[in-house]
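S.K.:
Protein chains: 2
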Amino acid sequence: MQIKLANSYGFCFGVKRAIEIAEKSSGAVTYGALIHNPLEIERLKNNYNVGYVDSLDKIDTNKIIIRTHGITKEDKEQLESQGKELIDATCPFVTKPQEIVKEMSENGYDVVIFGDINHPEVKGVKSYSKNQNRTFVVLNVDELKNIKLKEKIAVVAQTTRKISEFLKIVNFLVENHKEVRVFNTICNATFENQDAVKELSKEADIMIIIGGKNSSNTKQLYLISKENCNDSYLIENADELKPEWFKNKNLCGVSAGASTPEWLIQNIIKKIKQIKDYNE
Amino acid sequence: MQIKLANSYGFCFGVKRAIEIAEKSSGAVTYGALIHNPLEIERLKNNYNVGYVDSLDKIDTNKIIIRTHGITKEDKEQLESQGKELIDATCPFVTKPQEIVKEMSENGYDVVIFGDINHPEVKGVKSYSKNQNRTFVVLNVDELKNIKLKEKIAVVAQTTRKISEFLKIVNFLVENHKEVRVFNTICNATFENQDAVKELSKEADIMIIIGGKNSSNTKQLYLISKENCNDSYLIENADELKPEWFKNKNLCGVSAGASTPEWLIQNIIKKIKQIKDYNE
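The listed protein sequences correspond, in order, to chains A and B. Mapping of the first sequence onto the numbering used here: residues 1 to 280, in sequence order. Mapping of the second sequence onto the numbering used here: residues 1001 to 1280, in sequence order.
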């Protein structure tokens, strides 16, 4: 069995940048996990003394790292009012939709955010709207149908969403409204990892997608892979690999979400090789 | 054989308005045909003394009617400089994309017009751009692929185009550019006639679409009809009907383009009834 890595996988620009920032911020805590990967969070704690807390009340240090997904405007203001030192590791691709939502809401547009209302990035982006009552988070066209929108609409997307799903939202809006100002805020890294997994999953007969199970972009990679290769598996670490998955397989494709560190990917590839040797 | 009219067909708001304006403008000429229907043009000449001319040089009256499709900014300025009295029958749904193209080009957007570069409406709309070099008329995605566009794009449509084709253009732009400002300038009347012909052509076994053969929206109706009902015919007048078309047919659907007058539709229905009686 051959093992092949997708042409593009793993850490994106924003995550690499956030980790570099964290590695230089010994003694700081991140508010919420810096990235969606528990093993990387552990490494930062053990090797760089960078912890994380889940709620604002629990912060007992003076240095707070704002994570890649960003935080809400209100949380940021609260931290500033407490005199905390804020180290901003928000991905610039997330800062962008925050700015767009602020500007469009100021200009009288109804704002549609395509994404998951429970995702911290989306919560942060929405918080920047100047008109919360006219800012709507939707995951699909059915949700849109329940909203009475004005004639002028601006639409942005959570950075890690699938473009094909975003286009469904856009098409429904364009069909039914006079002006739709579409900001494609889906980030290129997501595109590139998605394209590469699509390509690879067409030739592979087993696909291993590595990433945190609470990571939205990893789940998207898994779904794209599953479309082309029925034997696709989403795993967080090497222990989850099962030898029987690899029996009679010729090509094992490997990809990883945007918050999966390289060291973890290499560990898993090593383990797959061992299983392969055992199977053969 | 039953004969059934589509739920929505024929004259739209803009055409009705233009004809009313023309009927009150005895002695005027329209620059270009007022609407895309030769028989209606003849009626206006005979009953209301409203002629038309093909080129600016041929105008020998002082009163000029600007037709529903609008004219170019340059032609308008030339006529004004000659001291002509301009009677504006431009459809308000056409004035809208003219204004949008002007405003967006002033604001630094690359402008994409989805339509036929040879159509007078499109020529008129394009002429309002303040940056002709950054204003592009395209009929399909392949044409778009040949153009290197900036990151900020505004897109409008010729009012009589199919929304599904417009969405292909929009989707390509959204997939490849950061900001796409989509103005859905396709007019509702076109939608309504299209929806109705789609519906009717699914149940009919012969479809007669009435309209000028140089009328873009009539051709669209014909194409939609043809998708569902293979025996679809586009005719301009009753003489074109062929008895053999109607043999062994149960339901004849009838629709008409946005510039087809009611009296013509009724004439044709009368003729179909005669053929039917002859066949039976």
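Virtual Cβ for every residue (Gly too), placed ideally from N, Cα, C.
In chain order, what residues of the same chain have a beta carbon less than 7 Å from the beta carbon of LYS198 of chain A, not counting five sequence neighbours either side?
M.R.: Locating residue 198 of chain A in the first sequence gives position 198, counting from the first residue. Around LYS198 of chain A: ILE224 and ASN228.
S.K.: Considering only the beta carbon of each residue, do SER129 of chain A and SER164 of chain A sit closer than 8 Å?
M.R.: If you number the first sequence from 1, residue 129 of chain A lands on position 129. If you number the first sequence from 1, residue 164 of chain A lands on position 164. Taking 8 Å as the Cβ cut-off, SER129 of chain A and SER164 of chain A do not qualify as a contacting pair.
S.K.: Curious, which full-length beta strand (DSSP E) runs of at least 3 residues does the region 162 to 192 of chain A contain?
M.R.: Within the region 162 to 192 of chain A, the complete beta strand (DSSP E) runs of at least 3 residues are 179 to 183.
S.K.: Of all the CB atoms in chain B, is at least one closer than 8 Å to the CB of LYS178 of chain A?
M.R.: Here residue 178 of chain A corresponds to residue number 178 of the first sequence, with the count starting at 1. Yes, LYS178 of chain A counts as interfacial toward chain B.
S.K.: If we call anything under 8 Å between Cβ atoms a contact, is TYR1052 of chain B one with ILE1035 of chain B?
M.R.: The count along the second sequence starts at 1 and reaches residue 1052 of chain B at position 52. The count along the second sequence starts at 1 and reaches residue 1035 of chain B at position 35. Not closer than 8 Å, so no.
S.K.: Which residue's Cα is closest to the Cα of GLN1274 of chain B: B:TYR1031, B:LEU1241, B:GLN1158 and B:GLU1262?
M.R.: Numbered from 1 along the second sequence, position 274 holds the residue referred to as residue 1274 of chain B. The residue with the shortest Cα to Cα distance from GLN1274 of chain B is B:LEU1241.
S.K.: Please go through the region 1110 to 1154 of chain B and give each complete beta strand (DSSP E) segment of 3 or more residues, from N-terminal end onward.
M.R.: Counting only runs of 3 or more, we get 1110 to 1114 and 1135 to 1138.
S.K.: TYR9 of chain A to GLU262 of chain A, Cα distance in whole Å?
M.R.: Position 9 of the first sequence, counted from the start, is the residue given in the question as residue 9 of chain A. Position 262 of the first sequence, counted from the start, is the residue given in the question as residue 262 of chain A. One C-alpha to the other measures close to 9 Å.
S.K.: At 3 residues or longer, and completely inside the region 25 to 67 of chain A: list those beta strand (DSSP E) runs for me, N to C.
M.R.: Counting only runs of 3 or more, we get 29 to 31, 51 to 53 and 63 to 66.
S.K.: For CYS1252 of chain B, list the residues DSSP reports as bridge partners.
M.R.: The sequence position of residue 1252 of chain B within the second sequence is 252, counting from 1. DSSP output for CYS1252 of chain B lists B:ILE1003 and B:ILE1206 as bridge partner(s).
S.K.: Taking only beta carbons into account, state which residues of the region 1142 to 1173 of chain B come closer than 7 Å to chain A, listed in chain order.
M.R.: Correct list: ILE1163, LEU1167, VAL1170 and ASN1171.
S.K.: What whole-angstrom Cβ distance do ILE113 of chain A and LYS102 of chain A have, given they're in contact under 8 Å?
M.R.: Locating residue 113 of chain A in the first sequence gives position 113, counting from the first residue. Locating residue 102 of chain A in the first sequence gives position 102, counting from the first residue. Contact doesn't hold; Cβ gap of about 12 Å is too wide.
S.K.: Use the C-beta contact count for THR1061 of chain B: other C-beta atoms within 10 angstroms, 16 or more gives buried, fewer gives exposed.
M.R.: For this step, residue 1061 of chain B is matched to residue 61 along the second sequence. By the neighbour-count rule (16 or more Cβ atoms within 10 Å), THR1061 of chain B is not buried but exposed.
S.K.: Any idea what DSSP makes of LEU264 of chain A, helix, strand or coil?
M.R.: Within the first sequence, the letter at position 264 stands for residue 264 of chain A. Of the three classes helix, strand and coil, the one that applies to LEU264 of chain A here is helix, per DSSP.
S.K.: Within 10 angstroms of its Cβ, does LYS76 of chain A collect 16 or more other Cβ (buried), or is it exposed?
M.R.: In the first sequence, residue 76 of chain A corresponds to position 76, counting from 1. When all chains shown are included, LYS76 of chain A counts as buried.
S.K.: How big is the Cα-Cα spacing for PRO1038 of chain B and ASP1142 of chain B?
M.R.: Counting from one through the second sequence, the residue named residue 1038 of chain B turns up at place 38. Counting from one through the second sequence, the residue named residue 1142 of chain B turns up at place 142. Roughly 34 Å separates the two Cα atoms.
S.K.: For chain A, find out if any of its Cβ atoms is closer than 8 Å to the Cβ of GLU1175 of chain B; answer yes or no.
M.R.: In the second sequence, residue 1175 of chain B corresponds to position 175, counting from 1. By this cut-off, GLU1175 of chain B is an interface position.
S.K.: In terms of residues, what are the limits of the alpha helix (DSSP H) holding LEU223 of chain A?
M.R.: Along the first sequence, one-based indexing puts residue 223 of chain A at 223. That run of the alpha helix (DSSP H) goes 216 to 228.
S.K.: Count the other CB atoms within 10 Å of the CB of PRO1120 of chain B; is the residue buried (16 or more) or exposed (fewer)?
M.R.: The residue you call residue 1120 of chain B lines up with position 120 of the second sequence. Counting Cβ neighbours within 10 Å, PRO1120 of chain B comes out buried, since at least 16 surround it.
S.K.: Are the Cβ atoms of VAL1122 of chain B and ILE1169 of chain B separated by less than 8 Å?
M.R.: Locating residue 1122 of chain B in the second sequence gives position 122, where the first residue counts as 1. Locating residue 1169 of chain B in the second sequence gives position 169, where the first residue counts as 1. Not in contact: VAL1122 of chain B and ILE1169 of chain B (Cβ atoms no closer than 8 Å).
S.K.: Grouping DSSP H, G and I as helix and E and B as strand, with all else coil, what is GLU240 of chain A?
M.R.: In the first sequence, counting from the first residue as 1, residue 240 of chain A sits at position 240. Note: GLU240 of chain A maps to helix in three-state DSSP.
S.K.: Could you check whether the region 1141 to 1159 of chain B touches the region 1177 to 1185 of chain B, counting it as contact only if at least three pairs of C-beta atoms, one from each stretch, sit closer than 8 Å?
M.R.: Yes, they touch.
S.K.: Taking the C-alpha atoms as reference points, what is the distance between CYS1012 of chain B and THR1190 of chain B?
M.R.: Position 12 of the second sequence, counted from the start, is the residue given in the question as residue 1012 of chain B. Position 190 of the second sequence, counted from the start, is the residue given in the question as residue 1190 of chain B. Their backbone Cα atoms lie some 8 Å apart in a straight line.
S.K.: What's the gap between the Cα of VAL50 of chain A and the Cα of LYS58 of chain A?
M.R.: For the purposes of this step, residue 50 of chain A is taken as residue 50 along the first sequence, with counting starting at 1. For the purposes of this step, residue 58 of chain A is taken as residue 58 along the first sequence, with counting starting at 1. Their Cα atoms are separated by approximately 15 Å.
S.K.: Do you know how far the Cα of CYS187 of chain A is from the Cα of PHE93 of chain A?
M.R.: If you number the first sequence from 1, residue 93 of chain A lands on position 93. If you number the first sequence from 1, residue 187 of chain A lands on position 187. Whole-angstrom Cα-Cα distance: 7 Å.
S.K.: Identify whether ILE21 of chain A lies in helix, strand or coil by the three-state DSSP scheme.
M.R.: Residue numbering aside, residue 21 of chain A sits at position 21 when the first sequence is read from its first letter. ILE21 of chain A: helix per DSSP, three-state reduction.
S.K.: Answer with yes or no whether the minimum CB distance from PHE13 of chain A to chain B is below 8 Å.
M.R.: Counted from its first residue, the first sequence places residue 13 of chain A at position 13. Chain B contact via Cβ: absent.
S.K.: Pick from A:GLY83, A:LYS63, A:ASP110 and A:THR90: whose alpha carbon is nearest that of THR72 of chain A?
M.R.: Your numbering for residue 72 of chain A matches position 72 in the first sequence. Selected option, being the one with the closest Cα: A:THR90.
S.K.: Given a cut-off of 8 Å, decide if LEU1234 of chain B and ILE1268 of chain B are closer than it, judged by their beta-carbon atoms.
M.R.: Within the second sequence, numbered from 1, the residue matching residue 1268 of chain B stands at position 268. Within the second sequence, numbered from 1, the residue matching residue 1234 of chain B stands at position 234. Contact: no.
S.K.: The beta strand (DSSP E) with ILE1235 of chain B in it runs from where to where?
M.R.: Translated into positions along the second sequence, residue 1235 of chain B becomes position 235. First-last of the beta strand (DSSP E) with ILE1235 of chain B: 1232 to 1235.
S.K.: Hey, how far is the Cα of GLU23 of chain A from the Cα of GLN2 of chain A?
M.R.: If you number the first sequence from 1, residue 23 of chain A lands on position 23. If you number the first sequence from 1, residue 2 of chain A lands on position 2. Rounded to whole angstroms, GLU23 of chain A to GLN2 of chain A spans 36 Å at the Cα level.
S.K.: Identify whether ILE1275 of chain B lies in helix, strand or coil by the three-state DSSP scheme.
M.R.: The residue labelled residue 1275 of chain B in the question sits at position 275 within the second sequence. Helix, per DSSP.
S.K.: Would you list the one or two residues that DSSP bridges to ILE85 of chain A?
M.R.: Translated into positions along the first sequence, residue 85 of chain A becomes position 85. Looking at the sequence shown, residue 85 of chain A is not Ile but Glu. Per DSSP, A:LYS63.
S.K.: Would you list the residues sitting across from ALA1157 of chain B in a DSSP beta bridge?
M.R.: For the purposes of this step, residue 1157 of chain B is taken as residue 157 along the second sequence, with counting starting at 1. B:PHE1114, per the DSSP bridge assignment.
S.K.: Would you please state the rounded distance, in angstroms, between the beta carbons of GLY257 of chain A and THR218 of chain A? I believe it to be under 8 Å.
M.R.: Here residue 257 of chain A corresponds to residue number 257 of the first sequence, with the count starting at 1. Here residue 218 of chain A corresponds to residue number 218 of the first sequence, with the count starting at 1. With 8 Å as the limit, GLY257 of chain A and THR218 of chain A qualify as a contact, their Cβ atoms being about 3 Å apart.
S.K.: Under three-state DSSP, which class holds LYS1198 of chain B?
M.R.: Here residue 1198 of chain B refers to the residue found at position 198 of the second sequence. Helix, per DSSP.
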